[in-house]
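Numbering (our numbering), first residue to last: 289 to 480.
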């Protein structure tokens, strides 16, 4: 009855054939990719004109795909802000907000924060390392903030935990205080 596509980049192929389909098509946008591309273009330097042109063209294509959203039965976004943006832009009329969430019962065994917790001297970052804003943020922290913390607390550790499925190696730092754990089955042990 329903076809659920993840991301507009994959959903575009279904949108192009929507008139032939009997099922209702719903696209889970997760993140508005063209807004993400806009942010990426404004924060990254470019190696040359070709790279800048390629990113600009990619962004235009993403905007074109998003404009086709009004052909869908509905779409899913993570935030009310994204929903309002899509409605105001006239991209789609039927948008559902399903916020990011976690199963809190998985964390029931984690002890309460107390003095022992803070004497552990570990900073934890958990996040999707495929998501560029997270990578920029952790690199900024490692380059600009963590060295200042190490000056005051030399034995502090930074644990970076998250999904990373890119071909290129994850290059953060060679600092002995930094430990990277990618593609773990569960983040619960790291929070514990």
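Idealized CB from N, CA, C, for every residue including glycine.
inquiry  = So, at 7 Å on beta carbons, what are the nonlocal neighbours of residue 417 in its own chain, with the 5 sequence-adjacent residues on each side left out?
reply    = Apart from the 5 residues on each side of it in sequence, residue 417 sits with its Cβ closer than 7 Å to the Cβ of 423, 450, 451, 452, 458 and 470 in its chain, given in chain order.
Residue from 343, 382 and 463 with nearest C-alpha to residue 362 = In terms of Cα proximity to residue 362, the closest of 343, 382 and 463 is 382.
task = Select from 413, 474, 438 and 420 the residue whose C-alpha is nearest the C-alpha of residue 463.
result = Nearest option by C-alpha distance: 438.
ask   = CB residue 468 to CB residue 444, shorter than 7 Å?
value = Going by C-beta atoms, residue 468 is not nearer than 7 Å to residue 444.
message = Here's a check: name, in chain order, each residue in its chain whose Cβ is nearer than 7 Å to the Cβ of residue 290, leaving out the five neighbours to either side.
response = Result list for residue 290: 311, 312 and 314, in chain order.
message = At the level of alpha carbons, what is the spacing between residue 429 and residue 413?
response = Between residue 429 and residue 413, the C-alpha separation is close to 10 Å.
task = Could you spell out the range, first to last residue, of the beta strand (DSSP E) harbouring residue 313?
result = Secondary structure note for residue 313: its beta strand (DSSP E) is the uninterrupted segment 312-316.
ask   = Helix or strand or just coil, what does DSSP make of residue 409?
value = In the three-state DSSP reduction, residue 409 falls in the coil class, being neither helix nor strand.
task = Reducing DSSP to helix, strand and coil, say where residue 336 ends up.
result = Coil.
message = What does the Cβ neighbour count give for residue 431, buried or exposed, with the cut at 16 atoms within 10 Å?
response = Taking all protein chains shown into account, residue 431 has fewer than 16 neighbouring C-beta atoms within 10 Å of its C-beta and is therefore exposed.
inquiry  = Mapping the DSSP letters down to three states, classify residue 475 as helix, strand or coil.
reply    = Residue 475: coil per DSSP, three-state reduction.
query = With a Cβ-Cβ cutoff of 7 Å, do residue 436 and residue 466 count as a contact?
reply = Not a contact, by the Cβ cut-off of 7 Å.
task = Pull up the CB-CB distance for residue 303 and residue 360, whole angstroms please, since I reckon it's below 8 Å.
result = The beta carbons of residue 303 and residue 360 sit about 7 Å from each other, so the pair counts as a contact at 8 Å.
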